[in-house]
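For the sequence shown, position 480 (counting from the first letter as 1) is numbered 772 according to the numbering used here, and the numbering increases by one without interruption.
We treat Cβ as the ideally placed atom computed from N, Cα and C, and that holds for glycine.
Here the structure is a predicted model, which means the values were calculated and not measured.
What follows is a short report on a single structure.
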Amino acid sequence: MAGSACTRHYTRMRFLCSLRSPRRDISLLVLAVTVFSLYLTYTMDSQVSKEEALLPSRKGRKVGLGLQGNAWINSVQRNILEGMEQEGAKVPNCPVLSELSPLQRKLVELEKKTLERFTNHDRVVVIRGHSKVIARDLSLYEQAFHKHGFYVRIPAGFRSNITGFSNYSSSYEDVQLFEATVEQSQDALQQSHRAVLEGEKEGWMVLLCMTFTDGDTGEGMCLHKATYGHLKPHQKVNRIPGVRTTLWRKDGFCHTMSAARKIPALRRSPLAPMCWVMPLEFEQFLSVADAVGGEAKWVFKSINPGGNIYILQPTKDRDYARIKQYRTRKAVVQQYFPNPLLIFGMPVSIRAYVLVTSVSPLRAFLHSEGLVNYRHDYQRSFRKVPSRIWYFGQLRQYLSHNHGPEAAEVAFKNMQSVITQTLLVSESALAGHFGGYSANPMEGLYKCKNCFQLLGFDLIYNSSLYPMVLEVNGQPHMQVSLNEFENETTISPEVCALQDEGWASNSIKQDAAEDMVGMLFSEQLVAMEVADALEELELNVGTLGVNCLPSHEYCLTEEDLEYILDTRRETVNRGSFMQLYPSPDSEKYAILLKDLSRFAGVDMSAPKPLRAGNQKIKDILDNTIRHNTPIMHQLVSALEQVYSSREIERHREEDEEEDVVGLQHQSHRLIHNAFQDVPLDEKYQRPECNDDKATMPYLSGVFTEPKLEFSPAFSPLVAEYHVTVPYDTLLIKVWAFATSCDAEARLEEKDGLARPANYSLGLGENRINFLVVDLTHTEPWVINTYTLHVYRERLTDTEPAFNPRVPHQVCTMTQDCDMRVFPTEPCGLQPIRDQSWDKYMSQHALLPPCQSGDVPGSWVMPCGECRDKSSCHWSMAEWHPGKCRHEVMSRDKLQQCLTGKKVLFIGDSTNRGMMYYLMEQVNGTLTEWDKTHNIKVYNNLNNNRTSVSFAYYPQFWLQPDHRPVFDKALYQLMRRSLPLKNSSDTILVVGGVHWLATHHLNVVKHSLEKEGLTGVRVIMKSLGSGFHLPVDGIHCLSQQEQHKLLMHNAGLSDFARQLGFDVVETFNVTLLRYKDFLQGKCACHFHKVRQVRGEHTAANITKRETLPPHRQYTDPGGEEEDMYGPVHYHVEGDINALYSEILLNRICDIPR
């Protein structure tokens, strides 16, 4: 068997082997004469025409060698010289043809014949189609083909632009001329089309059809249907007959996807949203819409490209009046995609570029880069947001950062699977469509070897990162964007459509086109590699003319072998394209293909396997038949696995070195190939499920990482579990699997994550819900819920009892060692020398009250030894500024201070926690609580002598264009709080975790001036700790970013003081104890409101002394609560209590 060296250098090595003969000198002389003759041919052939001189031909004297000829001569000379240099070296043992195995010899001869179709013909591209589409896409395609040595014949009325894209319509006048040219060129195009349509099929290698149809009928016709059957083997057309009626047209796509829903393998994972074709399926749509319910939305699309899109609800009278017109009007209705993936509050759609080079059997590739378009929500018909475009690498980076690398890997694998399944489903319909293109029906089905097509797949992800196909475009927009016009206001709508989509869009389109050409017209030799792989397989498959036996399942024909050779050649030259089918993991489509075979029944598009015993087929068709995908599936999948395993072995050492370097920079680099594999641990893969309907409500397992011991042990029949974790366990990964194949386990909500997800653990109780959802309905139904209660220990839970008679070290902490934001400062607990706890506290009590709310400080506590954290009494920890103290007022003094005051809070949940703490302290109890995200006003405080109000800002869950701006939110808060005094009796508290900027402070100042409230006291609550854990769905800041946030916070405080505002410092207070957050994804909440019952609650909190506030409350949890007593609420959280007390000091001006 020949080695891989002969595979790569077969042609040249055959020549080198001949040098071993005694006639070596004669051979060299003959070759020298040949080269010299070629040189004379080139120098004497000076009368070629201008066009012929430019043609990149391989036919020598017919059109002149030109540059391509020189390249060929240089290649010959280089081979001769390399042969002389290696003459004395060790030459691989390469066999001559007579020494090859029958299969190797057949493949080598077939490959030679196949490649001659490119090497012996002019590399010429002709353009046909509709003038406006040509004007749009010609420039990019011309550039791509020119780069690979093709000559593009520009149609009449258009100009060449091979020197680059920057010259194309580079001024407004050029665009006007461009538009006029488009209108005037259609007649010239029709004339140039007639030559091809009337039978001129010679003189070109590629026909680029640029139109919005299959190009075989009507305006913009490229090639008549009957002409397809007479194309030469070397000619290719960028149209696959039937794509338009099967996938491209919206009604055809709907019919195909509706049929796919009936296939068992796709019932649990539909490829596209439900759809109906109007008016044919109008009544059917109404019945389904009524069954789904009134809240469901439906997308009405025009069948024509570029038509309007409306999102309507049949249950609304106004919408139903518009829907009735579709009883007679053509359209497609598609279910509005529920719970789309939102990025920064906005839905996005995906444009993926898919190249199909064979239909039956399928061969398709997905470009590794595509476009991510931001879109408006349903209220604005899901339209694109101008100039908001990402590419796949950015999306992969975002998903990895916010959902985890495994989730990003799954998301892109799902995209590959959905696109591949869509193409597999379409094969039967497309193959049947070829029957009308056969030159002679008796010759069998025309398989369109000459056809290829670049498709644009538009997809959308749901919140669980599962994609669906919205539509397919058979002539994707490939125009290079025009940067020059993005600031123009007077240009026409057509030119407005050309505005810049960003450099990423240009680069992606250009790369896709260039990679496509390089793949389709590669001349790389792969016959020996393919032969080796076929001989390595142990499949019961024969080859006609080699070893076809009656016992074989089927025998490969020359058509099959040509498909296999082309597949390997295109794969190794695919550039940035990724394999869709066949691929090393395409075996996962076996069940779908079996279902498709059963559904196809007896159909001309699904020929029976060719066996030696079938004499009629053998005699008539022999090597002219090509088996379809279901028959070839096992073989081509096995071949790809062989290629893949060899590639992995060949580059193992190189990959290991690259991986080491890559891992060192993984968190700082941008992902360039969005489909690069991330190893997925087997424990995250779903185990085998079953089809027993009785098991649908049950989970087969609940899992955590690190592994936790549940109480009780897991059982599908038990729904509640408890577990305790140490204080330092801030994050766990959780996942679960449903027992039934028709169900899925999702986190927290019916449309939640259905995969491993990180979960932050706040101090104390954390509740994690796993919902079992039924997937057999249009909307997932929740049929069961499992709950995992995770208790994260507090430091106070295990601290020793405090004995005042035992000496204790005074320990201070300025930063946690796991969050070092001050590089030059020590971390952890540090002792204060020559101080006992009693003496230290006595001296601290003598300090004067702090004169501001942002005096730098540190946490201080008594410990047995500072180096032993477990010996510390964290329940006695206090925040101590350097040379002052924050006083805790008595309730009487607090009530007196707040009499006649109105306190307005605007910010996020951290401000809301401070407001409820104030309400509880001034009233002695909290009888009303609301987790509001809007505006809330309370006028019943302090015996109706004090009022507080709150406005939530920013409303992150809304799309950016629907969020109220800050000045509007502030204005609404002031309107709801009227009347307001222009004095210090009106206090405005503004702040949040990370959103606050100097812009907001300026807005506060200008808004108050506009309302004549310049005497109002403004207190800025500074930033807070949070967003430091990699939790799904939210951003995570690195330690370096936390340091930048620290600098930003200091700048905010300085700016606020310059404006005359007070400042309450919360960032340092929370950052030093960032692990003490309470339950919440962001790890930024330091308060929690708990409901309690019984009269004792109010009594326990009636006293306020000059002590840390967290020491004033008795936890009623150890007592038996009065379940029939009045309901009260209690705001928990030591850290929230601390900075809320500092706020009360500033409100009450102690001192100002």
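Indicate whether LEU884 and ALA656 have their beta-carbon atoms separated by less than 7 Å. no
Measuring only the C-alpha atoms, how far is ARG1059 from GLU1001? 16 Å
Exposure label - LEU841; buried when at least 16 CB within 10 Å: exposed
Hey, how far is the Cα of LYS975 from the Cα of HIS516? 55 Å
Nearest to VAL425 (by Cα), restricted to the options PRO447, PRO989, LYS404: Checking every option, the nearest Cα to that of VAL425 belongs to PRO447.
Cβ neighbour criterion (16 or more within 10 Å) applied to GLU851: buried
Report buried or exposed for PHE450, applying the criterion of at least 16 other Cβ atoms within 10 angstroms of its Cβ. buried
Considering only DSSP beta bridges, list what TRP590 is partnered with. Looking at the DSSP assignment, TRP590 forms a beta bridge with LEU604, GLN627.
Taking only the alpha-carbon atoms, compute the straight-line gap between THR1219 and MET1207 and give it to the nearest angstrom. 14 Å
Use the C-beta contact count for ARG610: other C-beta atoms within 10 angstroms, 16 or more gives buried, fewer gives exposed. exposed
Based on Cα-Cα distance, which residue from PHE1197, GLU1212, ALA1169, GLN527 lies nearest to LEU1186? GLU1212
Beta-carbon contacts of GLU1424 that lie in its chain and below 7 Å, excluding the five residues immediately before and after: HIS1379, LYS1380, ARG1382
For VAL953, count neighbouring C-beta atoms within 10 Å of its own C-beta (all shown protein chains included) and say buried if the count is 16 or more, exposed if not. In this predicted model, VAL953 has a pLDDT of only 45, less than 50, meaning its place in the structure is not dependable; the value taken from the coordinates is given anyway. Exposed, because fewer than 16 other Cβ atoms sit within 10 Å of the Cβ of VAL953.
C-alpha gap between ASP508 and ALA518, whole angstroms: 9 Å
Tell me, to the nearest whole angstrom, how far the beta carbon of ASN665 is from that of VAL640; I am working on the premise that it is less than 8 Å. 6 Å
Beta carbon of PRO1123 nearer than 7 Å to that of GLN1101: Yes, the pair counts as a contact, with Cβ atoms nearer than the cut-off.
Please say whether LEU1288 and VAL1356 have beta carbons closer to each other than 7 Å? no
Please go through the same chain and pick out, in chain order, the residues whose beta-carbon is closer than 8 Å to the beta-carbon of ALA1390, but skip the five residues on each side of it. For ALA1390, the pLDDT reaches just 39, beneath the cut-off of 50, and the residue's location in the model is therefore unreliable, leaving the point undetermined.
Among TYR645, ILE615, ARG1365, whose alpha-carbon lies nearest the alpha-carbon of ASP1020? ASP1020 has its Cα closest to that of ARG1365, out of TYR645, ILE615, ARG1365.
Spatial neighbours of ILE595 in its chain, beta-carbon cut-off 7 Å, leaving aside the 5 residues before and after: ARG541, LYS542, ASP543, LYS622, ALA623, VAL624
Let me check one thing: in DSSP terms, what residues is CYS567 bridge-paired to? GLN626
Give the DSSP bridge partners of TYR1462, in chain order. Nothing about residue 1462 can be reported from this structure: the residues present for the chain run from 293 to 1444 only.
Close Cβ partners of ASN1226 (< 7 Å) along its chain, the five nearest in sequence each way excluded: TYR1244
Around the C-beta of MET707, are 16 or more other C-beta atoms found within 10 angstroms, so that it is buried, or is it exposed? buried
Report yes or no: do three or more beta-carbon pairs, one from the stretch 577-587 and one from the stretch 546-561, lie closer than 8 Å? no
Within 10 angstroms of the Cβ of ILE681, are there 16 or more other Cβ atoms? Answer buried if so, exposed if not. buried
Between LEU563 and ASN530, how many whole angstroms is the CB-CB distance? I'm expecting something under 8 Å. That pair is no contact at about 25 Å.
Which runs of the alpha helix (DSSP H) at least 4 residues long sit entirely within the stretch 1100-1161? Give them in chain order. 1129-1137
Distance between ASP1426 and GLU1057 (C-alpha atoms, nearest Å): 16 Å
Since TYR1263 is in the alpha helix (DSSP H), which residue starts that stretch and which ends it? 1258-1268
Counting C-beta neighbours from all protein chains within 10 Å, is the total for CYS514 16 or more, i.e. buried, or is it exposed? buried
With 7 Å as the threshold, decide whether the Cβ of TYR618 is near any Cβ in chain B. Here there is only one protein chain, and chain B is not present.
LEU1370 and GLY1054 look like a contact to me (Cβ under 8 Å); what is the Cβ gap, rounded to whole Å? At roughly 4 Å, the Cβ-Cβ gap stays under 8 Å, so LEU1370 and GLY1054 are in contact.
What does a CB cutoff of less than 6 Å around MET502 pick up in its chain, not counting 5 residues either side in sequence? GLY421, VAL425, ILE426, ASP429
Alpha carbon to alpha carbon, how far is ASP1368 from LYS1161? Give it in angstroms, no decimals. 15 Å
Looking only at its own chain, which residues have a Cβ that is under 7 Å from the Cβ of CYS1109, when we skip the five neighbours before and after it? CYS1119, GLY1120
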